[in-house]
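Everything on this sheet refers to the single structure shown next.
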């Protein structure tokens, strides 16, 4: 099973949508809430090579982008193989 990390903030509808998709697929994820944590936000920006929007998602350490990117991978049939790795 893949290792999934997601950087989120409270009241973020895109964060909620990404987490719902992962939960629908039965995928556990490690969540880092950056709402009131500037150090977590800076870590996210560094890991994602400048990504400042929420969420930022990593599968097996590979940056896949945000919620729209995650959903696009799913629509293209590419998400399940990544999650199975």
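Numbering (the working numbering), first residue to last: 1 to 85. Note that beta-carbon positions come from the ideal geometry of N, C-alpha and C, so glycine has one too. Since this is a predicted model, take the numbers as computed values, not measurements.
Worksheet item: Measuring CB to CB, does residue 32 end up less than 7 angstroms from residue 14?
Response: As a working mapping, residue 32 is identified with position 32 in the chain shown. As a working mapping, residue 14 is identified with position 14 in the chain shown. Cβ atoms of residue 32 and residue 14: not closer than 7 angstroms.
Worksheet item: Taking the beta strand (DSSP E) that residue 6 falls in, what are its first and last residues?
Response: Position 6 of the chain shown holds residue 6. Start and end: 4-8.
Discussion item. Quick check on DSSP: helix, strand or coil for residue 59?
Written reply: Residue mapping note: residue 59 aligns to position 59 of the chain shown, counting from 1. Three-state result, residue 59: strand.
Worksheet item: The alpha helix (DSSP H) with residue 82 in it runs from where to where?
Response: As a working mapping, residue 82 is identified with position 82 in the chain shown. From DSSP, the alpha helix (DSSP H) with residue 82 extends over 79-84.
Item to complete: Quickly, what does DSSP pair residue 32 with across the bridge? List them, please.
Response: Here residue 32 is taken as the residue at index 32 of the chain shown, counted from 1. Residue 32 is bridged to 7.
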